[in-house]
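Undergrad: Below is a structure I'd like to ask you about.
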Amino acid sequence: MQFAVLSLFPEMFSSPFSQSIIGKAVEKGLIGIETHQLRDYAEGRHQVTDDTPYGGGDGMVMKPEPVWRGIQDMRQRYPQAKVVLMTPQGRMFNQAEARHLASHEALVFVCGRYEGFDERIRSYVDAEYSIGDYVLTGGELPAMVVIDAVARLVPGVLGNAGSAGQDSHSDGLLEFPHYTRPVEFNGQHVPEILLSGNHAHIDAWRNKQQRERTKARRPDLWQQYMQQQPPQDGIKD
Ligand code: ADE
Numbered sequence: 549m550q551f552a553v554l555s556l557f558p559e560m561f562s563s564p565f566s567q568s569i570i571g572k573a574v575e576k577g578l579i580g581i582e583t584h585q586l587r588d589y590a591e592g593r594h595q596v597t598d599d600t601p602y603g604g605g606d607g608m609v610m611k612p613e614p615v616w617r618g619i620q621d622m623r624q625r626y627p628q629a630k631v632v633l634m635t636p637q638g639r640m641f642n643q644a645e646a647r648h649l650a651s652h653e654a655l656v657f658v659c660g661r662y663e664g665f666d667e668r669i670r671s672y673v674d675a676e677y678s679i680g681d682y683v684l685t686g687g688e689l690p691a692m693v694v695i696d697a698v699a700r701l702v703p704g705v706l707g708n709a710g711s712a713g714q715d716s717h718s719d720g721l722l723e724f725p726h727y728t729r730p731v732e733f734n735g736q737h738v739p740e741i742l743l744s745g746n747h748a749h750i751d752a753w754r755n756k757q758q759r760e761r762t763k764a765r766r767p768d769l770w771q772q773y774m775q776q777q778p779p780q781d782g783i784k785d
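Residue numbers (the working numbering): 549 to 785.
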């Protein structure tokens with residue numbers, strides 16, 4: 549799967565994507581991540597990418613031409629790509645959206661700075677995403693978040709094929725608690741059931757933990773989950 553990024557700060561992407569699981573996936577050729585300097589698409593000696601807002605007000609606005617040229621270039625390089633704009637006004641990104649984006653062959657991320665994009669740029673992208681109801685200084689960190697969440701769903705990126713399927717949110721519930729050695733740590737013990745070797749009982753315990761955790765910590769998710777899947781016989785919540 550190919551990821552391409554248009555940004556005024558492409559260097560921001562080098563460290564996070566050269567390490568650990570994503571770094572290895574790039575090395576193995578399972579995914580490709582390339583960054584493009586938006587300024588390269590600006591004209592004139594100074595390659596200006598921002599300007600003052602019509603109508604007055606604080607801050608600067610990203611000029612439409614360089615962003616539009618960048619998007620056109622990306623569409624030429626990756627005709628099958630979905631072009632995504634990162635903005636706090638976008639659709640809320642979540643695990644279901646990550647799965648949807650992972651079904652594409654290529655994704656192009658357009659990262660803004662300053663007060664945002666000239667409104668007319670919106671008509672040239674396929675989707676707009678926000679990573680949460682807060683405002684960051686630019687779209688780069690949000691793009692990294694989305695790329696990381698999508699890349700780990702690409703087959704082969706996570707060593708253990710099962711591990712993405714058990715994540716928090718993958719089935720609409722939070723994950724069950726994990727333990728490793730030692731069996732006792734500062735007076736806290738690993739639950740007996742996990743030492744029992746009875747996998748049917750362990751699965752049932754983990755499922756119960758998932759449900760209880762989600763209900764206690766994320767009543768919003770719990771409500772959604774229950775609307776999608778009415779309680780099965782014998783399981784009380
Ligand atoms: N750019 C600035 N803040 C953002 C956010 N929360 N999500 C996506 N893009 C952004």
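Even for Gly, the Cβ is constructed at its ideal location relative to N, Cα and C. Note that this is a predicted model, so its numbers are computed, not measured.
Quick one: residues in its chain with C-beta nearer than 8 Å to the C-beta of VAL596, no 5 flanking neighbours on either side, listed in chain order?
TA: Numbered from 1 along the sequence shown, position 48 holds the residue referred to as residue 596. Taken in chain order, the residues that qualify are ALA590 and LYS611.
Undergrad: Under the DSSP definition of a beta bridge, which residues are partnered with GLU582?
TA: If you number the sequence shown from 1, residue 582 lands on position 34. Paired residues: ALA552.
Undergrad: Report yes if the C-beta distance between GLY720 and TYR773 is below 8 Å; otherwise report no.
TA: Within the sequence shown, residue 720 is the residue found at index 172, counting from 1. Within the sequence shown, residue 773 is the residue found at index 225, counting from 1. It is a contact, given that the beta carbons lie within the stated cut-off.
Undergrad: Among the residues of its own chain, which have a CB less than 8 Å from the CB of LEU722, if the five just before and after it don't count?
TA: As a first step, residue 722 is located in the sequence shown; it is residue number 174 there, counting from the start. Counting only Cβ-Cβ distances below 8 Å, and skipping sequence neighbours, we find SER716, GLN758, ARG761, THR762, ARG765, ARG766 and LEU769.
Undergrad: If you drop the 5 nearest sequence neighbours on each side, which residues of the same chain put their C-beta closer than 8 Å to that of LEU701?
TA: Here residue 701 is taken as the residue at index 153 of the sequence shown, counted from 1. ALA646, ARG647, ALA650 and ALA712.
Undergrad: Does the beta-carbon of PRO795 have 16 or more other beta-carbons within 10 angstroms, so that it is buried, or is it exposed?
TA: Residue 795 is absent from the structure shown; the chain starts at 549 and stops at 785.
Undergrad: For GLY580, which residues in the same chain have their Cβ closer than 8 Å to its Cβ, ignoring the five residues on either side in sequence?
TA: Taking the first residue of the sequence shown as 1, we reach residue 580 at position 32. MET549, GLN550, PHE551 and VAL574, listed in sequence order.
Undergrad: Can we count ILE619 as close to the ligand ADE, meaning its CB is less than 7 Å from some heavy atom?
TA: Walking along the sequence shown from the start, residue 619 turns up at place 71. The answer is no for ILE619.
Undergrad: Could you work out which residue in GLY603, MET560, VAL609 and ALA752 is closest to THR583 when comparing CA atoms only?
TA: What you label residue 583 is simply residue 35 of the sequence shown in a count that begins at 1. Nearest of GLY603, MET560, VAL609 and ALA752 to THR583, Cα basis: MET560.
Undergrad: Please tell me whether MET622 and PRO690 are closer than 8 Å, where the distance is taken between their beta carbons.
TA: Here the question's residue 622 lines up with position 74 in the sequence shown. Here the question's residue 690 lines up with position 142 in the sequence shown. It is not a contact, given that the beta carbons lie outside the stated cut-off.
Undergrad: Is VAL658 closer than 8 Å to ILE695 when the C-beta atoms are compared?
TA: Residue mapping note: residue 695 aligns to position 147 of the sequence shown, counting from 1. Residue mapping note: residue 658 aligns to position 110 of the sequence shown, counting from 1. It is not a contact, given that the beta carbons lie outside the stated cut-off.
Undergrad: From MET692, HIS737 and ALA697, pick the residue whose C-alpha is nearest to that of SER555; which is it?
TA: Counting from one through the sequence shown, the residue named residue 555 turns up at place 7. Cα-wise, what sits closest to SER555 is MET692.
Undergrad: Reducing DSSP to helix, strand and coil, say where GLN787 ends up.
TA: With the chain running from 549 to 785 in the structure shown, residue 787 is simply not present.
Undergrad: Does the distance from the CB of PHE665 to the CB of VAL705 come in under 8 Å?
TA: For the purposes of this step, residue 665 is identified with residue 117 of the sequence shown, where counting begins at 1. For the purposes of this step, residue 705 is identified with residue 157 of the sequence shown, where counting begins at 1. Not in contact: PHE665 and VAL705 (Cβ atoms no closer than 8 Å).
Undergrad: With DSSP as the reference, identify every bridge partner of ALA675, one or two as the case may be.
TA: Stepping through the sequence shown from its first residue, residue 675 is reached at position 127. BP columns for ALA675 point to VAL632.
Undergrad: Could you tell me the distance, in whole angstroms, from the CA atom of ARG639 to the CA atom of ASP674?
TA: One-based indexing of the sequence shown puts residue 639 at position 91. One-based indexing of the sequence shown puts residue 674 at position 126. Rounded to the nearest whole angstrom, the CA to CA distance from ARG639 to ASP674 is 12 Å.
Undergrad: For ALA697, which of VAL683, ILE679, THR685 and SER566 has the nearest alpha-carbon?
TA: Numbered from its first residue, the sequence shown carries residue 697 at position 149. With distances taken between Cα atoms, ALA697 lies closest to ILE679.
Undergrad: Please state whether the Cβ-Cβ distance between VAL609 and VAL631 is less than 8 Å.
TA: Numbered from 1 along the sequence shown, position 61 holds the residue referred to as residue 609. Numbered from 1 along the sequence shown, position 83 holds the residue referred to as residue 631. In this structure, VAL631 does not lie closer than 8 Å to VAL609 by Cβ.
Undergrad: Tell me which same chain residues have a C-beta within less than 7 Å of the C-beta of PRO725, skipping the five on either side of it?
TA: Along the sequence shown, one-based indexing puts residue 725 at 177. Contacts found: GLN757.
Undergrad: Taking all protein chains shown into account, do 16 or more other C-beta atoms lie within 10 angstroms of the C-beta of ALA629, making it buried, or fewer, making it exposed?
TA: As a working mapping, residue 629 is identified with position 81 in the sequence shown. With 16 or more other Cβ atoms within 10 Å, it is buried.
Undergrad: For ARG754, which residues in the same chain have their Cβ closer than 7 Å to its Cβ, ignoring the five residues on either side in sequence?
TA: Looking up residue 754 in the sequence shown gives position 206. Answer for ARG754: PHE724, listed in chain order.
Undergrad: Between which two residues does the alpha helix (DSSP H) holding VAL698 run?
TA: By one-based count along the sequence shown, residue 698 stands at place 150. 688-699 is the extent of the alpha helix (DSSP H) around VAL698.
Undergrad: Quick check: the Cα distance between GLY707 and GLU653, rounded to an integer number of angstroms?
TA: Taking the first residue of the sequence shown as 1, we reach residue 707 at position 159. Taking the first residue of the sequence shown as 1, we reach residue 653 at position 105. When rounded, the distance between both Cα atoms is 21 Å.
Undergrad: Are ILE741 and HIS749 closer than 8 Å when you measure CB to CB?
TA: As a first step, residue 741 must be located in the sequence shown, where it is residue number 193. As a first step, residue 749 must be located in the sequence shown, where it is residue number 201. In contact: ILE741 and HIS749 (Cβ atoms closer than 8 Å).
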